[in-house]
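Novice: Dumping the structure here so I can ask a few things about it.
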Amino acid sequence: PGGGPPLPPRYNLTAALLGRRLAAGDGGRVALIDATRTWTYDEIAALTGQVGHALAALGVRREERVLIALPDSVEFVATFLATIAVGAVAVPCNTFLGPTEYAYFLAESRAPVVVTTTAMAGALATALDGAPWLEAVLA
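Start counting the sequence shown at 1; every next residue gets the next number (this note's numbering).
Pasting the structure below:
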């Protein structure tokens with residue numbers, strides 16, 4: 001029962017959102033426009049792959065959480081897609097939170113990895129100190 005074809009046994013949203021466009025030959029088409037430039041599907045896929053390899057090198061496993069504290073940017077998109085691609089769970093956070101709120105998200109998610117910017121790493125420092133399961137911060 002349902003309105004569409006059954007999902008494959010190992011459905012991956014990144015493959016559905018990005019891989020499908022690449023398979024269709026759309027790699028050179030514009031996928032994202034930000035304040036400074038446009039990004040093609042090929043460029044997003046390359047950046048997503050780089051982030052995915054970094055997460056895998058850190059030992060991120062299926063169903064683990066990755067807390068993402070990045071502003072709206074191509075880096076956010078690539079990190080979100082890479083997290084899903086490796087089978088982890090993306091936990092996006094508003095970049096205007098304070099240390100107490102970040103500590104809450106870290107405690108609730110038990111994310112072993114946080115991805116943020118160098119500038120935001122300082123704002124996160126207090127929250128990160130109280131997270132015993134935290135293994136790495138990518139900034």
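Every residue gets a Cβ at the ideal spot worked out from N, C-alpha and C, and that includes glycine.
(1) My understanding is that VAL113 touches GLU135, with C-beta atoms under 8 angstroms, so please give their C-beta distance in whole angstroms.
(2) Over the uninterrupted alpha helix (DSSP H) stretch that includes ALA119, give me the two end residues.
(3) To the nearest angstrom, report how far apart THR14 and LEU81 are at their CA atoms.
(4) Count the C-beta pairs between the region 99-112 and the region 23-41 that are closer than 8 angstroms, then say yes if the count reaches three, no if not.
(5) For ARG21, name the three-state secondary structure that DSSP assigns.
(6) LEU47 and VAL74 look like a contact to me (Cβ under 8 angstroms); what is the Cβ gap, rounded to whole Å?
(7) Quick test of your reading: LEU199 and ALA111, contact by CB under 8 angstroms. State the CB separation rounded to the nearest angstrom.
(8) Return the CA-CA distance between GLY87 and ARG61, expressed in angstroms with no decimal places.
Specialist: Quick look at the numbers:
(1) Confirmed, Cβ separation roughly 6 angstroms.
(2) First-last of the alpha helix (DSSP H) with ALA119: 118-129.
(3) Distance from the CA atom of THR14 to the CA atom of LEU81, rounded to whole angstroms, is 5 angstroms.
(4) A contact between stretches requires three or more CB pairs, one per stretch, nearer than 8 angstroms, and the region 99-112 fails this requirement with the region 23-41.
(5) In the structure shown, ARG21 falls within a helical segment according to DSSP collapsed to helix, strand and coil.
(6) So it is a contact: roughly 7 angstroms between Cβ atoms.
(7) Only positions 1 to 139 of the chain appear in this structure, which leaves residue 199 out of reach.
(8) Straight-line measurement puts the Cα of ARG61 at about 7 angstroms from the Cα of GLY87.
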